[in-house]
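A quick write-up on the structure given underneath.
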Amino acid sequence: MEKGLIALAAAVAIAIPALATAWAQSKIGSAGAGAVAEKPELSGIIIILMAIPETMVILGFVIAYLILS
Amino acid sequence: MIKVMSKIQLIGSKGLLDEVIKTLHELGIVHIESMPSRISLEDTYLRREPLERGKALLKESLEKVLERLKGIYMLLPAAEAEEMAGGVAPVLLADITSHAFLNEVDRVEQEVRGLHAERAGFSEEISSIERYEKILKGIAPLVARLKGINNFETMGITIDRTKEDIIPLLEIEISRITEEKYQLFVKDIDKDIIGIVITYPKKYDARVKSLISSEAISEIKLPERYAEMSLFDALKNMVKRREDIPILIGNIDNELSKLSEKWYKTLERLTGLLRDTIDELKALAYCVHTRFTFVIVGWIPKEKFNILSSTVRDRFGDRVMVREMAIREDEIDLIPVYIKNPKLLRPFEIFLQALPPPKYSSIDPTPYLALFFPTFFGLILGDIGYGIILFFLSLYLKKRFKAKEYISNLSSIFVISSLFAVVFGVLFGEFFGDLGERLGLLHPIIFDRLKATKVFLILAIGIGLGHITLGLMLAIVNYIHRGKGKEALAKVSMLVLLLTLLIILAILAEYLPKAMITPSVLIMLIAFITLILIEGTLGPLEVLKSISNILSYARIMAIGTASVALAMVANKLGGLTGNVILGILIAGIIHVINIFLGILSPTIQSLRLHYVEFFSKFYQTGGRRYEPFRKRGGRS
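Protein sequence lines correspond, in order, to chains D and Z. The first sequence maps to residues 29 to 97 in this note's numbering. The second sequence maps to residues 162 to 797 in this note's numbering.
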């Protein structure tokens, strides 16, 4: 039972940040695509903006790993 | 690295200005200061003069001709043929603006545009024929059977399969209208559409048509060209047209190639000549004048100053003077940035093209990128087999696209990165995942990525700590170099705060002796207070950001493990089939997918670690690129 709960906790720890990252990237991505179409020179900045929310899922991954180990 | 630049001033007698500009253009090393407001006119007798009327008019007319030539050039297919000697090609500028040549351009322009319009018309026609083709092909056999019947009308209609049950009702109605003098053929066109052909005496045409339209059934509407024809004739014509049009398009293409052979290279040369001349005329406007002299201010890489001064001395003697000027403090951020690295590192400069250029006073991150990008890439991919495939693939692409600088540079980066992947593959004992180990050929030297996940995670975060610390150190060195002690101190306290925080965490986790806690807390407090005093409350927040930056390097482990897991899945699935050929096929397909992912995700992730985590510590944007005034030729 306890093992199952731990596994579930780890799953939640990575799943919710993953969803949050996906949501944030979808918003940034669509806005970014529009911006790049108008001003291609912004592409570097858009890549950076696009990459920022990824940290959430990586942090979630680290926490999930800590829960499991 | 960012090259040291010199600010230069050329002074000479006004009559020599045109010649001096031409010389600078040929040399192609001086970035002429083009923004008037950026030069401070210290001496009041200097003034900026508009371009002389004659030259302004010339520039305007040349620009017009250039636009037209560019327009024709874009419409012609690329031709390899060398320029034909004599005849059409003017060599001098005066010839380009001559009436005879402009008339010739007019003629060619009309011819080329006409051919293109005709070609576009044909393409459109063929695509409209294609749209009808399926329907017409379906009913063609029906129509063919009715050929030769006079005084009869033929109508084609299409019906959705969902409305199939109205066909009997339709037949009853038509039979009533035409007093049973009709024939109706039904044919399946595809899974959604049924084609129907009805034939009946001409005198019932109006009533049948009104029935069809009142029932909202779609009669097959033909393209405009065929609208007046009967269904049968239209079909016959369309089939013929469909065969003819590609030939007609081929003829047009031939004519265009012929024109291109005659004009392409000539146009390339002429547009180059025009661009260069216009550039020279524009450059004239950037100079300032006194009554008898001109002054040109610009920037040049320090190492090339001697070339400039000796060339000017050789050509103009004492009549033109070049001197190096002192750069004022407020001008430092206006100095154009010229980044030049050793040949091996140069391909990595393409990763900086996505970002605005760094300030002259900041740091060129290319050397660090050249070291860490392949390392991260190798750590994530870490497979001998994948590395070798990528190595040969990039080598091939580099050869194949030698002329295309961007692809060639990117391939060079992957050649280097794939070697790192092979090296890490040896260290992790991976050859197409666990295939090497299964065959008993390989064993992990440092650790097995799938089993020793904890070690891998600690390694990844450790690399993050090192990378971020390096970033902060670079910033500190740069600030000290520029004499900005306060900013340097802020970065130092940030670094100390970060490191002591990690030490305290390590003590709490019992990795370090407890005795260290008091000095660590003390140092941390000092750093904290210093940081708040210099940067305000935002300073400590920056430290928190750095911690999340360091944790972000965990992605090296996460994606690396995912890559090796997928490779292992490929081998396992291949093994499960029990059939050697099928097994190799299945494993091969999954490995191919994995190689594709293995190129894409390590690239994106390592770039991201640089752009977001590493660069944010020291990279300062806001510079402008060094753009020397040089001949562009065919380049735009």
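Note that beta-carbon positions come from the ideal geometry of N, C-alpha and C, so glycine has one too. Model, not experiment: these values are computed from the prediction.
Exercise. Who are the near neighbours of G590(Z) in its chain, counting only those whose CB is closer than 8 Å to its CB and skipping five residues on each side?
Worked result: By one-based count along the second sequence, residue 590(Z) stands at place 429. The answer, listed in chain order, is G597, E598, L603, H604, P605, I606, D609.
Problem set entry | Simplified DSSP state of V456(Z), which is helix, strand or coil | Looking up residue 456(Z) in the second sequence gives position 295. Strand, per DSSP.
Exercise. Pairing CB atoms from the region 580-587 of chain Z with CB atoms from the region 533-547 of chain Z, are three or more of them under 8 Å?
Worked result: yes
Problem set entry | Within 8 Å, strictly: CB atoms of T472(Z) and S174(Z) | The residue labelled residue 472(Z) in the question sits at position 311 within the second sequence. The residue labelled residue 174(Z) in the question sits at position 13 within the second sequence. Contact flag unset, no.
For this session: Give a yes or no on whether 8 Å exceeds the smallest Cβ distance from E90(D) to chain Z.
Result: Here residue 90(D) is taken as the residue at index 62 of the first sequence, counted from 1. In the sequence under discussion, the amino acid at residue 90(D) is Val, which differs from the Glu named in the question. For V90(D), the answer is yes, since a Cβ of chain Z falls inside 8 Å of its Cβ.
For this session: State buried or exposed for I711(Z), treating a residue as buried only when at least 16 other CB atoms are found within 10 Å of its CB.
Result: On the second sequence, position 550 is the one that residue 711(Z) refers to. It counts as buried.
For this session: Identify, in the order they occur along the chain, each residue of the same chain with its Cβ nearer than 7 Å to the Cβ of L177(Z), setting aside the five sequence neighbours on each side.
Result: For the purposes of this step, residue 177(Z) is taken as residue 16 along the second sequence, with counting starting at 1. Excluding sequence neighbours, L177(Z) sits near F477, R480, V481.
For this session: Have a look at I577(Z), T184(Z), K778(Z) and flag the residue whose alpha-carbon is nearest the alpha-carbon of L171(Z).
Result: The residue you call residue 171(Z) lines up with position 10 of the second sequence. Nearest C-alpha to L171(Z): T184(Z).
Problem set entry | Alpha-carbon spacing of P701(Z) relative to L663(Z), whole angstroms | To locate residue 701(Z), count along the second sequence from 1; it is residue 540. To locate residue 663(Z), count along the second sequence from 1; it is residue 502. Cα to Cα, P701(Z) sits roughly 14 Å from L663(Z).
For this session: Give the residues of chain D in contact with A613(Z), contact being defined as C-beta atoms less than 7 Å apart.
Result: Your numbering for residue 613(Z) matches position 452 in the second sequence. Per Cβ cutoff of 7 Å: no residues; A613(Z) is ~12 Å from chain D at best.
For this session: If I'm right that E492(Z) touches F466(Z) with Cβ under 8 Å, what's the distance once you round it to whole angstroms?
Result: The residue you call residue 492(Z) lines up with position 331 of the second sequence. The residue you call residue 466(Z) lines up with position 305 of the second sequence. About 17 Å separates the two Cβ atoms, so there is no contact after all.
For this session: Give every residue of the same chain whose Cβ lies closer than 8 Å to the Cβ of P517(Z), excluding the five residues on either side of it in the sequence, and list them in chain order.
Result: Counted from its first residue, the second sequence places residue 517(Z) at position 356. So the qualifying residues of the chain are T782, G783, G784.
Exercise. Near E279(Z), what residues of its chain come up, given a Cβ to Cβ distance below 7 Å and the 5 sequence neighbours on each side ignored?
Worked result: Mapped onto the second sequence, residue 279(Z) falls at position 118. Answer for E279(Z): I413, listed in chain order.
Exercise. By Cβ distance below 8 Å, which residues in the same chain neighbour I693(Z) in space, the five residues on each side in sequence not counted?
Worked result: Translated into the one-based positions of the second sequence, residue 693(Z) becomes position 532. Once the five neighbours on either side are set aside, the close Cβ partners of I693(Z) are G700, P701.
Exercise. So what does DSSP say about S97(D), is it helix, strand or coil?
Worked result: Locating residue 97(D) in the first sequence gives position 69, where the first residue counts as 1. The answer is coil: DSSP assigns S97(D) none of H, G, I, E or B.
Problem set entry | Proximity test, Cβ basis, 8 Å: K778(Z) and chain D | Position 617 of the second sequence, counted from the start, is the residue given in the question as residue 778(Z). No, its Cβ sits nowhere closer than 8 Å to a Cβ of chain D.
Exercise. Under a CB-based cut-off of 8 Å, is Y772(Z) close to chain D?
Worked result: Along the second sequence, read from residue 1 onward, the residue named residue 772(Z) stands at position 611. Taking Cβ atoms only, chain D reaches closer than 8 Å to Y772(Z), which makes this a yes.
Exercise. How many Å lie between S288(Z) and I359(Z) at the Cα?
Worked result: Numbered from 1 along the second sequence, position 127 holds the residue referred to as residue 288(Z). Numbered from 1 along the second sequence, position 198 holds the residue referred to as residue 359(Z). Rounded to whole angstroms, S288(Z) to I359(Z) spans 27 Å at the Cα level.
Problem set entry | Of the residues E69(D), A65(D), A79(D), V40(D), the one placed nearest S54(D), counting alpha carbons only | For the purposes of this step, residue 54(D) is taken as residue 26 along the first sequence, with counting starting at 1. The residue with the shortest Cα to Cα distance from S54(D) is A79(D).
Exercise. DSSP on L171(Z), reduced to helix/strand/coil?
Worked result: Within the second sequence, residue 171(Z) is the residue found at index 10, counting from 1. Of the three classes helix, strand and coil, the one that applies to L171(Z) here is strand, per DSSP.
Exercise. Is R786(Z) close to chain D, meaning its C-beta is less than 8 Å from at least one C-beta of that chain?
Worked result: Stepping through the second sequence from its first residue, residue 786(Z) is reached at position 625. Chain D, which has no Cβ nearer than 8 Å to the Cβ of R786(Z), makes this no.
Problem set entry | Assumed close pair N502(Z), T536(Z) - CB separation to whole angstroms, cut-off 8 Å | On the second sequence, position 341 is the one that residue 502(Z) refers to. On the second sequence, position 375 is the one that residue 536(Z) refers to. The pair is not a contact, with the Cβ atoms about 18 Å apart (cut-off 8 Å).
Exercise. Are the C-beta atoms of R643(Z) and some chain D residue less than 8 Å apart?
Worked result: Here residue 643(Z) refers to the residue found at position 482 of the second sequence. So, not an interface residue.
For this session: Specify, as a first and last residue, the run of the alpha helix (DSSP H) that Q766(Z) falls within.
Result: By 1-based counting over the second sequence, the position of residue 766(Z) is 605. Run containing Q766(Z): 741-769, per the alpha helix (DSSP H) assignment.
Exercise. So, is K680(Z) buried or exposed, given that buried needs 16 or more other C-beta atoms within 10 angstroms?
Worked result: Position 519 of the second sequence, counting from 1, holds the residue named residue 680(Z). Checking the displayed sequence, the identity of residue 680(Z) turns out to be Pro instead of Lys. With fewer than 16 Cβ atoms within 10 Å of its Cβ, P680(Z) is classed as exposed.
Problem set entry | Buried or exposed by the 16-neighbour rule on C-beta atoms within 10 Å, applied to T764(Z) | Indexing the second sequence from 1 puts residue 764(Z) at position 603. Classification of T764(Z): buried, given that the 10 Å Cβ count is 16 or more.
For this session: Taking G627(Z) as part of the beta strand (DSSP E), name the residues at either end of that continuous run.
Result: Locating residue 627(Z) in the second sequence gives position 466, counting from the first residue. Counting along the chain, G627(Z) falls outside any beta strand (DSSP E), though it belongs to the alpha helix (DSSP H) covering 614-642.
Problem set entry | Cα-Cα separation, S578(Z) to F538(Z) | Working through the second sequence from its first residue, we reach residue 578(Z) at position 417. Working through the second sequence from its first residue, we reach residue 538(Z) at position 377. Whole-angstrom Cα-Cα distance: 6 Å.
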